[in-house]
Amino acid sequence: MLDKKINRRGFLTKSGALVVGFSFVPAVASFLTPAAPALAGADTNSPDQAGSGLAIDDPASGDAWLAIDASGGVTVYCGKVELGTGVQTALSQIVAEELYLSFGQIVTFIQGDTSVTPNQGYTAGSQTIQGAGVQLRQAAATAFQALLQLASQQIGVAVPALRAQDGKIGIGHNLNRALTYGQMVSRQQIQLALDPNAPVKNPTDYTIVGQPVPRVDLPGKVFGQFSYVQDVVLPGMLHGRVVRPAGRNATLVGVSPLSSGLAGSPQIVKKGNFVGVVATDEWAAIQAASQLNVTWNPGAPLAATDDGTATARASLMQALQNPANTFNTSKLFSTGDAASGLAGAKKTLQATYFTPYQMHAPIGPSCAVADVRSSPDSNGIQATIWSGTQGIYQLQGAIAQLLGLPTSAVHVIYVEASGCYGHNGADDAAADAALLSQAVGAPVRVQWMRPDEHAWEPLGPAMVHALQGGLDSHGNVAAWEHSLWTQTHSTRPGGRAGNLLAGQELGFAPQTESPTGLLGGRNSGVNYAFPNYLVTASSVRSFTTATSGSTTQTTNLFPRTTALRTLGGFSNTFANESFTDEMAMAANADPLAFRQQYLSDPRGLAVLNAVATAANWKAMPWPTTAAQAQSTPLFGRGLAYVQYENNFAYVATYAEVLVDPTTGVVQVTHVIVAHDCGLIINPDGLKNQIEGNVVQATSRTLKEEVLFDANGVTSTTWAGVPTSNTWSIKYNPGPSYSILHFTEVPTVQVVLLDQPTQPALGAGEPTSETMAAAIGNAIYFAIGVRLRELPFTPATVLAAWQAALGL
C-alpha cells in the first residue's frame, strides 16, 4: 500500500506486454501506419526491449498511459487522481469500452505517482473527464488497433473479418479461433506512441460507457477497509507537529528548550520562522508542541478585518475595492458600448454583491508522510512524499526547492485523503512533513488538527461585484456592466516553495501575482445576448515583498487565498444570476421567460426547459413584499442558469425555500438540477457529483464565512464544538465555522440530458455555481427582500427584512 511504484522497464521485461506511452524508440510509432508490416520497427538489441510485449511510445512525456500483460491484465496509468468523485470508475469505463473488455478486466489503476504516471496537471477545474478521459480513450484505441493487427497476423485473416469481445479477438460473431489479448502479446514486447488519430468506438456501440457501473472505491470505504493517507505507516516513522506564527506577518524571536523527561523523546526543529517538534508517537508530539514556549514579533496587521458585523463587512469591501490595494484592471468581456447603453436607458438598476472568504474545511484535517534521507541506491538525499495533493508534479517541484534537492530526487505518491473541494492544506502538510523529516533524518508523519486546518489552509477569496443594468422603453435589456474585485484564485504549489506555507516561513517569496492568473473571472461573463455588455476585473494585491540582499520579506495584506471549488464561478454566478432576476423584475418579466429571451444556444434552452418542466414552473406571481410577510414560514422558488466557463457544461437549477421572517431561518427544501455535460460516462456517478455540488454549495450559501482579525483567521473550530480542550496547541479559539448539517440537506432531483455525440464534459463544479443565486432568488420571492451578501444566515435575513419594514 505504501509505495505503488512499478518499475516501467521492469514491467516490459516480463514474458510479454503491450504498453502505451513509454519513451523507448520513436520509430516504433510507425507500427500503426497501414504500410508498416506487423510489429515492424522493434529494435530487439535495445536494452529497454529485453523480453517480449507491446508498448505504445510517447516520446514527448516518457510516461505510460496503459499496459496489457501476458495474462491479459490491463493496467491504467493516470496522472489525475481519485478525490472521492468517482473518476477512477469513469476513466476505467472509458478504457474498457475502447478495448472491448468487460469492466472487471481493468485489473489495476495506478494514479498520481511521479515515477510512473503522466503529468496531466492538477486534478481540478472539472477537467478530468474532458481532458484525461480523451487521452485515455485515445491510448486505449491505439492499443486496440495494435491488437487487431496482431490478431490478423496470428489468426491469418484480414482485420475486417475480426470481432472483439471481453478481451478476445476472433473471426465473426462467434469469435472463431479467438485469441485472448494476453496470448497475442505473450511472446513479444510491443511499444507504441499514443496515436491521436486512432479510430475510436462509435457511441452507438457503447456497452459500458453510459452505464451506471458501481464505483470501485466505495466498498472499501463503506466497510472500513480503505487506506487513506492518514493510514500510511513506515518503519521507524516519527510524528510531527508545527507551531505556527502568532500572526500572518509574525517573525520568530526565540524558542525555549522543552522540559526534560517528556514522553516520546521530542526534538525541536527550528528553521527561519518554521518551528516544529518531532516525537515517537502522535500524542507525545501534541503534548510537546502544546508545551513549547515560542516568542513571536507579531509584525504588520492585515489591511482589513471581518468579525461578522455589518461595519466590519463594509470596511472589508472598501479595502478590497481600494485602488491602493489593486494592481490591475482587465477587460474580460465587451460587446457594443455599455456606457452609452446605460446613458440612453429608460430605466437603470445597480447593485453590489459580496461573497466572503470561505474554507475548503475538509472533515478530516490534512495529513502527509515524508521520508527524506540518504539513500543507499543513490548518491545523495532522496525524498518520498505521500500526500493527498491534487498535483503530484507541481508539489514535487515545490518540495524539491524547499529542501534544496533536484526535482529528480523527490518522489511524490498520491494517497487519497478526506476530500478537498480545491487547494486545501494537503500540500502544506506535505511540506511540513518534508522539512521535519529532513531535519531528523527519519520518516515523519504530520497530521494537522482542526485549528491548523481552519486557521492556516489557503482560503477561497472574498469577492465584490458592482453591477449596472439598463432597460429600454419596451423593457428590453439596453446595457449590462459588471465590475469585480478579487484576490488571486490560484496559489497552488506550481513548483515553487514560496507557494507553500512552510516555504513562506523559511523566507521563500510567494509567486508574483499576475492578472493573467487571476482566475476570479470564471463565469463573470454571461451567455445572454445583451447588445451592450462589459465585464472588468480588478486584481487585489494579497501581499507586498521587500528584498534586502538575498532575503525577501513578505508582508501579507489580506488572508492567503487560492482555488476553492469553481474558483470565481460561484461568486460571479451568484451576482450575475441574482441581477438577472432583478432585471427581469424591473422589466415586469417572468424570470424564466426573461432568460429564454436572451439565450439562443439550443442546449442552454434545453436545460432551462427541462428544469421548468420538472418544477412545473408557472409564470411567477409578483413576490411577497416584506409588509405582506407573516410569521408563518413563507414559500419561495427561484432558478439560475450557467454554462460552465461559458463554454462547457450547461446547468439550470431550481430551488424551493421556506423562510421564517420572524427568525430569519432559511430552509432549502427541494432542488432540481437539469444538467447537460455532453456524453455521460456513468449516470449514477454523475448524479452523485451533482448532488454533492448541491449540498456543499447550499452550505456555502447559507452558513460558511471565515472571520479574521488583524493577525489571521479566528474561526478555528466547527460550530457547536467546544472552543477549548486539552488538545489545542497554543491557539486562541474564537468564533466557529458552520457547515450544513445532515438534517438541513434538501431533497435533490437530477434531470440528465445525455448528448452521446458530443464530447464528455466535466461535472465536478458547474452545479455549484448556480446554487447561491437560485436560493437567493427563491428567498426574494418568499419575502420580497433581495439579499446581496453571502452567507444568508438567520441574522442576515432578519436584518434585511427588518430594514425593508423600516424597523
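Residue numbers 69 to 875, in our numbering, belong to the letters of the sequence shown in order. We put the CB at the ideal spot given by N, CA and C, even for glycine. Nothing here was measured: the structure is a model prediction, and the numbers come from that model.
Sequence-distant residues of its chain with Cβ nearer than 6 Å to residue i (five each side left out)
| i | result |
| --- | --- |
| P729 | A697, I851, W869 |
| T452 | D439, H479 |
| A208 | V163, E166, L167 |
| S139 | G250 |
| D649 | P659, N845 |
| G563 | Q462, G465, A466 |
| N624 | R316, N317, F611 |
| S194 | G830, G832, E833 |
| V816 | V739, E759, V762 |
| G404 | P599, N600 |
| E549 | A406, Q536, L602 |
| A565 | A466, Q469, L470, G571, F576 |
| A680 | L660 |
| G340 | E573, L574, G575 |
Per-residue burial, residue i [other beta carbons within 10 Å of its own, 16 or more giving buried]
| i | result |
| --- | --- |
| T101 | In this predicted model, T101 has a pLDDT of only 26, less than 50, meaning its place in the structure is not dependable; the value taken from the coordinates is given anyway. The residue in question, T101, is exposed, as its Cβ has fewer than 16 Cβ neighbours within 10 Å. |
| H557 | buried |
| N761 | buried |
| F647 | buried |
| V155 | buried |
| V290 | exposed |
| I431 | exposed |
| V321 | exposed |
| S254 | buried |
| F716 | buried |
| L873 | exposed |
| G269 | First, the amino acid is wrong: residue 269 is Lys here, not Gly. Flag for K269 reads buried. |
| Q203 | buried |
| D591 | Residue identity differs from the one stated: residue 591 is Asn in this sequence, not Asp. Buried, because 16 or more other Cβ atoms sit within 10 Å of the Cβ of N591. |
| H809 | exposed |
| N75 | In this prediction, N75 scores a pLDDT of 48, lower than 50, which makes its location untrustworthy; the coordinate-derived value is nonetheless stated afterwards. Exposed is the call here. |
| D181 | buried |
| F422 | buried |
| L858 | buried |
| T580 | exposed |
| Q221 | exposed |
| P433 | buried |
Sequence-distant residues of its chain with Cβ nearer than 7 Å to residue i (five each side left out)
| i | result |
| --- | --- |
| A657 | G543 |
| K338 | V323 |
| V281 | T157, Q161, F171, N750 |
| W685 | L660 |
| T782 | L775, F776, G802, P803 |
Distance between beta carbons of residue j and residue i, contact taken as under 8 Å
| i | j | result |
| --- | --- | --- |
| Y712 | E837 | 7 Å |
| P803 | H738 | Rounded, the Cβ-Cβ distance is 31 Å, inconsistent with contact. |
| L400 | G589 | 5 Å |
| Q536 | Y190 | No, Q536 and Y190 are not in contact; Cβ-Cβ is about 35 Å, not under 8 Å. |
| T248 | G235 | 6 Å |
| G958 | V362 | This structure leaves residue 958 out entirely; the chain is present only between 69 and 875. |
| L151 | A211 | With a Cβ gap of about 27 Å, L151 and A211 do not count as contacting. |
| A372 | S358 | Not really, about 31 Å apart at Cβ, beyond 8 Å. |
Nonlocal neighbours in the same chain, by C-beta distance under 8 Å from residue i, ignoring five residues either side
| i | result |
| --- | --- |
| P264 | Q206 |
| L587 | T556, H557, S558, A631, L635, G636 |
| Q188 | C146, G147, K148, G199, A200, Q203 |
| T825 | P271, L747 |
| L216 | V227, L230, A232, I237 |
Within-7 Å CB hit, residue i to chain D
| i | result |
| --- | --- |
| E150 | This model lacks chain D altogether; it includes just one protein chain. |
Residue i beta carbon near the ligand PLP (any heavy atom closer than 6 Å)
| i | result |
| --- | --- |
| Q233 | Ligands displayed in this structure: none; no statement on the ligand PLP is therefore possible. |
| field | At least three beta-carbon pairs within less than 8 Å, the stretch 383–402 to the stretch 510–527 | value | no
| field | Start-end ranges of the beta strand (DSSP E) lying completely within the stretch 228–315, minimum 3 residues | value | The stretch 228–315 contains, as complete beta strand (DSSP E) runs of 3+ residues, the segments 230–233, 236–239, 244–248, 257–260, 306–310 (chain order).
| said: Report the start-end ranges of each alpha helix (DSSP H) in the stretch 637–713 that is 4 residues or longer and not cut off at the edges. | reply: Segments of the alpha helix (DSSP H) lying fully in the stretch 637–713: 637–654, 659–665, 670–682.
| message | Please give me, in chain order, every unbroken run of the alpha helix (DSSP H) with length at least 4 that falls completely inside the stretch 712–775. | response | DSSP runs (the alpha helix (DSSP H)) wholly in the stretch 712–775: 751–770.
| task | Please specify which runs of the beta strand (DSSP E), each continuous and at least 3 residues long, are wholly inside the stretch 431–463, giving them in chain order. | result | 435–442, 449–455
| 3-residue-minimum beta strand (DSSP E) runs that sit fully inside the stretch 574–639, ordered along the chain | 601–608, 611–616, 619–624
| request: Check whether the stretch 408–425 touches the stretch 489–505, taking contact to mean three or more Cβ pairs, one atom from each stretch, closer than 8 Å. | output: no
| alpha helix (DSSP H) segments (min. 4 residues) lying fully within the stretch 344–392 | 350–359, 378–389
| Any chance the stretch 468–475 sits against the stretch 570–585, with 3 or more Cβ pairs inside 8 Å? | yes
| said: Tell me whether the stretch 501–509 and the stretch 420–429 touch, counting them as touching only if at least three CB pairs, one residue from each stretch, are closer than 8 Å. | reply: no
| query | At what residue ranges does the stretch 461–503 contain a whole run of the beta strand (DSSP E), taking only runs of 3 or more? | reply | 478–482
| Hey, which unbroken runs of the beta strand (DSSP E) at 3 residues or more fall wholly within the stretch 836–874? | Listed in chain order, the beta strand (DSSP E) runs fully inside the stretch 836–874 amount to none, counting runs of at least 3 residues.
| query | What residue ranges within the stretch 504–542 form continuous alpha helix (DSSP H) runs of no fewer than 4 residues, ordered along the chain? | reply | 518–524
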